[in-house]
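Protein chains in written order, with this note's numbering: chain S, 1 to 182; chain Z, 1001 to 1228. Backbone N, C-alpha and C define an ideal beta-carbon position, used for all residues, glycine too. Here the structure is a predicted model, which means the values were calculated and not measured. Below you'll find the structure, written out as structure tokens, and then a few comments.
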Amino acid sequence: MVCIVLRMSIGHTLLGLLESGPRHGYDLKRAFDEKFGHDKPLHYGQVYSTMSRLLKNGLVEVDGIEAGEGPERKRYAITEAGITDVQRWLATPEKPEPYLQSTLYTKVVLALLTHRDAADILDTQRAEHLRLMRILTDRKRRGDLADQLICDHALFHLEADLRWLELTSARLGKLAKEVLPG
Amino acid sequence: MTPAGSLLTADGLRKVYGPTTALDGADFSIHPGEIVAVMGPSGSGKSTLLHCLAGIVRPDAGEITYNGQRLTDMNDTALSALRRSEFGFVFQFGQLVPELTCVENVALPLRLNGAKRKDAERTALTWMERLEVDDVRDKRPGQASGGQGQRVAVARALVTSPRVLFADEPTGALDSLNGERVMELLTDAARSTNAAVVLVTHETRVAAYSDREIVVRDGKSRDMERLV
Ligand SMILES: Nc1ncnc2c1ncn2[C@@H]1O[C@H](COP(=O)(O)OP(=O)(O)OP(=O)(O)O)[C@@H](O)[C@H]1O
Ligand SMILES: [Mg+2]
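And the structure:
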């Protein structure tokens, strides 16, 4: 049940970056790498395959094409459906599991960049984590020693996530200053 | 606004200590038999909220209703009578009387309510058995371990069959294993008597024994249930 997956929704992140205004593909990649790609910059190929998927789904539209060759000349703008999609993604808590930090960090930064309520995202996640911790605690109480040990392992990891959530909510003001321009 | 069927509610509590606003419009409600965790950063007002709910501290503004009675309208004598008959308390440290044995400590609330020594100690012992500390009955608190002492304190808090148990960091001084054992026994005992529990804790693994949590930040409360 507790699996180690590093999931990061590149599509939602790029969409979120478009909320502040239309951008070219190369500009999107640069913004992504600067804010979220610390250890893993995006390949151009990822950007264009993601953008063509978003285009097909009506979440972005082409806002203009510069003269010249190559896909990086396209300028993308987010659509209403795209904004709704970002909103839904931000408001939905992640399934609690260890190593969520990169997704949660991305959500929090995007919320700050798009002037949404980042504290709300953290609290929603916190409630979801605690909900799973209650289920595990209950299972532990009814189970044998093996159940107890397995549940405890998951519980300690979820607890670590929760500490991070709490600490991050206490530091939102500071984080906002760092990520917001000006 | 009093949620239907709730036993204890607070609305818009404010409490100021000199320059410090400890509570700034905090709300709370609990149903009979419900276990509610109160979480939040250090200094956010959790203990102040608990003290107000239990009638130990009077809020500067706001309303507290217990079972249809307004605590804010009651005088000190009525409040302490209410505390003795309806509430139980467990704190982090130093709540047992060091000169008495553990069984005498557990029996104390019954003795204060007028019970005979023998009857009080018999009832006390059944609670100590339930919390698995009957073996330290004749020891003084100083001779019991921290985990045992805490379970003796839980037995003492429950011996009068309170309708509400107030617990402020009951496992704060214990390691994980002992802390969890205290929580298991405390919640089992509370459930079996349908006592409501107001559980202040900063440990999420302890809060996971609750039915619901509220988070207090800067003296304001947030009901986390509404978010899921
Ligand atoms: N009797 C008092 N006199 C003066 N200030 C007080 C008093 N009680 C509490 N305070 C202040 O009110 C604020 C809230 O305190 P409270 O004890 O309720 O916090 P808490 O959330 O229980 O913190 P902790 O997790 O550290 O126990 C703090 O700033 C504290 O210093
Ligand atoms: Mg406190």
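- Around the beta carbon of D1119 of chain Z, a 10 Å sphere encloses fewer than 16 other beta carbons of the protein chains shown; the residue is thus reported as exposed.
- C-alpha of G1062 of chain Z to C-alpha of H153 of chain S: approximately 43 Å in a straight line.
- Here T1020 of chain Z is exposed. Its C-beta has fewer than 16 other C-beta atoms within 10 Å.
- Note that the segment 1069-1078 of chain Z does not touch the segment 1109-1117 of chain Z; fewer than 3 beta-carbon pairs, one per stretch, sit closer than 8 Å.
- Under the three-state reduction of DSSP, F1093 of chain Z is assigned to coil, being neither helix nor strand.
- The C-beta of R1205 of chain Z comes closer than 7 Å to at least one C-beta of chain S.
- Membership of M1039 of chain Z in the beta strand (DSSP E) is indicated by the continuous run I1035 to M1039.
- Taking 7 Å as the threshold, the shortest C-beta distance from M133 of chain S to chain Z falls below it.
- The alpha carbon of R73 of chain S has as its nearest neighbour, out of S:H12, S:P22 and S:L113, the alpha carbon of S:P22.
- Cβ atoms of K1139 of chain Z and T1101 of chain Z come within 8 Å of each other, at about 6 Å.
- Shown in chain order are the members of the segment 1162-1191 of chain Z whose Cβ falls below 8 Å from a Cβ of chain S: E1184.
- Assigned with DSSP and collapsed to three states, I1056 of chain Z falls in coil, not helix or strand.
- In the structure shown, the three-state DSSP call for Y1066 of chain Z is strand.
- In chain order, the residues with a C-beta atom nearer than 5 Å to some heavy atom of ligand 1 are Z:Y1017, Z:T1020, Z:A1022, Z:S1042, Z:G1043, Z:S1044, Z:G1045, Z:K1046, Z:S1047 and Z:T1048.
- Membership of V1164 of chain Z in the beta strand (DSSP E) is indicated by the continuous run V1164 to D1168.
- Taking a Cβ-Cβ cut-off of 8 Å, R23 of chain S has no neighbours in chain Z, whose nearest Cβ is about 33 Å from it.
- Proximity to D1011 of chain Z across Z:L1053, Z:T1193 and Z:L1185 peaks at Z:L1053, based on C-alpha coordinates.
- Residue state for E19 of chain S is assigned as coil, using DSSP reduced to three classes.
- One finds D123 in chain S with Cβ atoms closer than 8 Å to the Cβ of R1222 of chain Z, taken in chain order.
- Using a CB distance cut-off of 7 Å, A127 of chain S counts as an interface residue toward chain Z.
- E1203 of chain Z and P1162 of chain Z have their C-alpha atoms spaced approximately 25 Å apart.
- Residues of chain Z with a Cβ closer than 8 Å to the Cβ of R141 of chain S are, in chain order, E1184.
- Counted as a single uninterrupted DSSP element, the alpha helix (DSSP H) harbouring G45 of chain S occupies residues Y44 to K56.
- By the rule that beta-carbons nearer than 7 Å mark a contact, E159 of chain S touches chain Z.
- L167 of chain S counts as exposed, since fewer than 16 other C-beta atoms from the protein chains shown sit within 10 angstroms of its C-beta.
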